[in-house]
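Here's the structure we're looking at; comments come further down.
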Amino acid sequence: MEKIPALHLEDVRRTYVQGESELPILRGAFLSVWPGESVALIAPSGAGKSTLLHMAGLLEHPDGGEVYIDGKPTAKLPDAARTAIRRNEIGFVYQFHHLLPEFTASENVTLPQMIAGLERKEAAKRANELLAFLGLGERLHHRPSELSGGEQQRVAIARAVANAPKLLLADEPTGNLDPKTADHVFGTLSKLVEATQLAAIIATHNLDLASRMTRRVTLREGKVVELE
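Each residue of the sequence shown is one higher than the last, beginning at 732 in my numbering.
Below, the structure is given as structure tokens:
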């Protein structure tokens, strides 16, 4: 069976209109990310990193081109179909963990699975297994306020992959952490990508972490450029 990329951007274009002026951000971006591959997205502020992640995550429609998720074209799908793909096939991790403060670590990871239709018992079992895999087996019943910054971010990673997505999009996931904690969180994230054959795009300013990923890309004049 032919292997297909989890994500393929085909000549993606995106222009923002500000008053009477136009601001082109993506000018024909091409990018493929394969299962088990982690791609570092390194680019200065304003270059279009967030726009690229929004396109890949189906949070915005491209003005031109196509976004393929697991081989399926998505640009012309209705919003309900795009939402279903986002929920089932794409996981998101942000710089701020956005955990629900009144719920425990286990409950934060259980809830998205229940929303997707899994029974509570099965969802909780999977949540606890994921958290244990990420080194949080002793912290399952702690609320976010009782966890360190690194632990909170690992819970956020577990929540992002709880529904077994094909693609993980992370926007500066270690940006708020000290170097040692960032290194630990990145290590667990890398282990997860390899173990589950996720495809991951990780936007980061941390060149040390980027050097440990499968590939590195940047954005120049609205196009994706591979880095050495």
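Where is the CB? At the ideal position from N, CA and C, for every residue including glycine.
Nearest candidate by alpha-carbon position, reference residue i, set the options
i: K734; options: R745, V764 and L757; result: V764
i: P875; options: V886, L865, L842 and G796; result: V886
i: A760; options: L754, E753 and V798; result: V798
i: K780; options: A815, L754, K852 and I932; result: I932
i: Q847; options: R818, T945, E869 and N907; result: Inspection of the sequence shows that residue 847 is occupied by Ala rather than by Gln. Taking only the C-alpha atoms, the option nearest A847 is R818.
i: A787; options: A778, D801 and A774; result: D801
Rounded C-alpha distance that separates residue i from residue j
i: V748; j: R758; result: 14 Å
i: V956; j: E850; result: 44 Å
i: Q826; j: T912; result: 14 Å
i: I953; j: S776; result: The question names Ile, but residue 953 is Gly in the sequence shown. One C-alpha to the other measures close to 13 Å.
i: E925; j: Q884; result: 19 Å
i: L808; j: R744; result: 17 Å
i: S769; j: V892; result: 14 Å
i: A858; j: L920; result: 16 Å
i: A855; j: E838; result: 7 Å
i: G906; j: G750; result: 33 Å
Residue i, enclosing beta strand (DSSP E) - first and last residue
i: F823; result: I821 to V824
i: A930; result: A930 to A934
i: T949; result: R946 to R951
i: H739; result: L738 to Q749
i: E797; result: G795 to I800
i: L958; result: K954 to L958
Boundaries (first-last residue) of the alpha helix (DSSP H) holding residue i
i: H873; result: Segment: none, H873 is in no alpha helix (DSSP H) and carries neither H nor E.
i: L940; result: L938 to A941
Under 8 Å between C-beta atoms of residue i and residue j
i: L929; j: L900; result: no
i: A836; j: L861; result: no
i: L784; j: D939; result: no
i: L762; j: V916; result: no
i: G822; j: E741; result: no
Item to complete: Jot down the residue ranges of each uninterrupted beta strand (DSSP E) in the region 757–783, minimum 3 residues, whole runs only, in chain order.
Response: You should have 769–772.
Item to complete: Please specify which runs of the beta strand (DSSP E), each continuous and at least 3 residues long, are wholly inside the region 899–924, giving them in chain order.
Response: Those beta strand (DSSP E) runs which fall completely within the region 899–924 and span 3+ residues do not exist here.
Fill in: Length-filtered (4 minimum) alpha helix (DSSP H) runs lying within the region 835–900
Segments of the alpha helix (DSSP H) lying fully in the region 835–900: 836–846, 851–864 and 880–892.
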